[in-house]
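Report on the following structure.
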Amino acid sequence: MSADWNALAEAGLPLPLGHPRRPGLVDWVLVSSELETAVLEAEADAWLREPLLAWLRGFRQHFPGEFARRLGDAGQSAIARLEAHPIDENRYLKLRRIAIEHLAGLA
Numbered sequence: 062m063s064a065d066w067n068a069l070a071e072a073g074l075p076l077p078l079g080h081p082r083r084p085g086l087v088d089w090v091l092v093s094s095e096l097e098t099a100v101l102e103a104e105a106d107a108w109l110r111e112p113l114l115a116w117l118r119g120f121r122q123h124f125p126g127e128f129a130r131r132l133g134d135a136g137q138s139a140i141a142r143l144e145a146h147p148i149d150e151n152r153y154l155k156l157r158r159i160a161i162e163h164l165a166g167l168a
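What follows is the structure in structure tokens.
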């Protein structure tokens, strides 16, 4: 992974152990700037698709105002691009629950 996935993990993205998560210290400018690179990497690496899509969809559904303010059109575009690829539904659902829990800690 070449994108700064740590910035995304700090914003609640469910990644494996080893990626730091410090709720309350989110740099949303960095998250927004890393999102495009992360989507490109996720499109190329199926393993990254589910966590990123789960986080984006969970963010949009449960915190729509914050999603629009923090990620806006870039977030919507990222979801549309990731939805064009197949995902493992079982893994996705587990990751979405984790993402929503992480996001709730930021709200």
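Using this note's numbering, read the sequence shown as starting at 62 and increasing by one per residue. Don't be surprised by glycine CBs; every beta carbon is placed ideally from N, CA and C. Please read all numbers here as calculations on a predicted model, not as lab measurements.
Proximity test, Cβ basis, 8 Å: residue i and chain D
| i | result |
| --- | --- |
| Glu144 | In the displayed structure, chain D is absent; only one protein chain is listed. |
Residue i, enclosing alpha helix (DSSP H) - first and last residue
| i | result |
| --- | --- |
| Phe128 | Pro125 to Arg131 |
| Ala105 | Trp89 to Ala105 |
| Ala68 | Trp66 to Glu71 |
Coarse secondary structure for residue i, derived from DSSP in three states
| i | result |
| --- | --- |
| Ile148 | coil |
| Pro75 | coil |
| Leu86 | coil |
Own chain partners of residue i with C-beta closer than 8 Å, once the 5 adjacent residues on each side are dropped
| i | result |
| --- | --- |
| Glu144 | Leu114 |
| Ile159 | Pro75 and Ala115 |
| Leu96 | Leu69, Leu132, Ala135, Gly136 and Ala139 |
Proximal residues to residue i (C-beta, below 7 Å), its chain only, five neighbours per side dropped
| i | result |
| --- | --- |
| Leu164 | Gly73, Gly119, Phe120, His123 and Phe124 |
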